[in-house]
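In this note's numbering, the protein residues as written are 41 to 179.
Even for Gly, the Cβ is constructed at its ideal location relative to N, Cα and C.
Worksheet for the structure shown next.
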Amino acid sequence: MTPRQIELVQSSYRNVLLVSDSTAQLFYARLFALEPGLQRLFGNDMRQQARMFMYALGAAVAWLKNFNAVVPQLEALAQRHRGYGVKAQDYALLGEALLWALERALGESFGEELRAAWQALLAEIAAVMKQAAYGAPAP
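Given below as structure tokens:
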């Protein structure tokens with residue numbers, strides 16, 4: 041990611057934090073609309089799941105300037121997700137659902153440049169996690 045993309049993601053995430061519960065709810069609603077079968081991978085406490093998701097996303101955002109520091113946590117998370125039944129192709133759906141939720145959370149400020157910055161972050165996260173879980177080559 042470029043320094044400008046890092047700046048955009050980090051500054052926009054501060055605004056997402058203000059509405060993190062609703063953003064997480066939007067994310068999961070969209071994810072399950074795109075692929076209803078994914079709902080079986082989650083327990084009954086979606087509030088706790090949403091908090092954990094936003095925490096993990098926030099950690100990745102916070103460490104963007106030193107992304108390698110968060111890679112071991114992402115790799116461990118990927119291994120756990122594989123054990124839960126997450127498939128490599130599910131990462132694309134996750135990215136699509138998150139971009140959709142971010143667009144709704146951030147409104148008009150979620151323009152093309154910000155979207156591209158978030159897409160770059162999600163691509164990096166997905167590459168690390170897929171490599172760790174499935175040995176998929178990183179782009």
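Who are the near neighbours of Tyr95 in its chain, counting only those whose CB is closer than 8 Å to its CB and skipping five residues on each side?
Within the same chain, Tyr95 has no close Cβ partners at all.
Between which residues of its own chain and Arg193 is the CB-CB distance below 7 Å, once the five residues before and five after are set aside?
The question about residue 193 has no answer here: the residues shown for the chain are numbered 41 through 179.
Exposure of Met92, with buried meaning 16 or more beta-carbon neighbours within 10 Å
exposed
Counting pairs of beta carbons, one from the region 53-60 and one from the region 162-173, are three or more of them closer than 8 Å?
no
Using DSSP with H/G/I as helix, E/B as strand and the rest coil, what is Phe82?
Three-state result, Phe82: coil.
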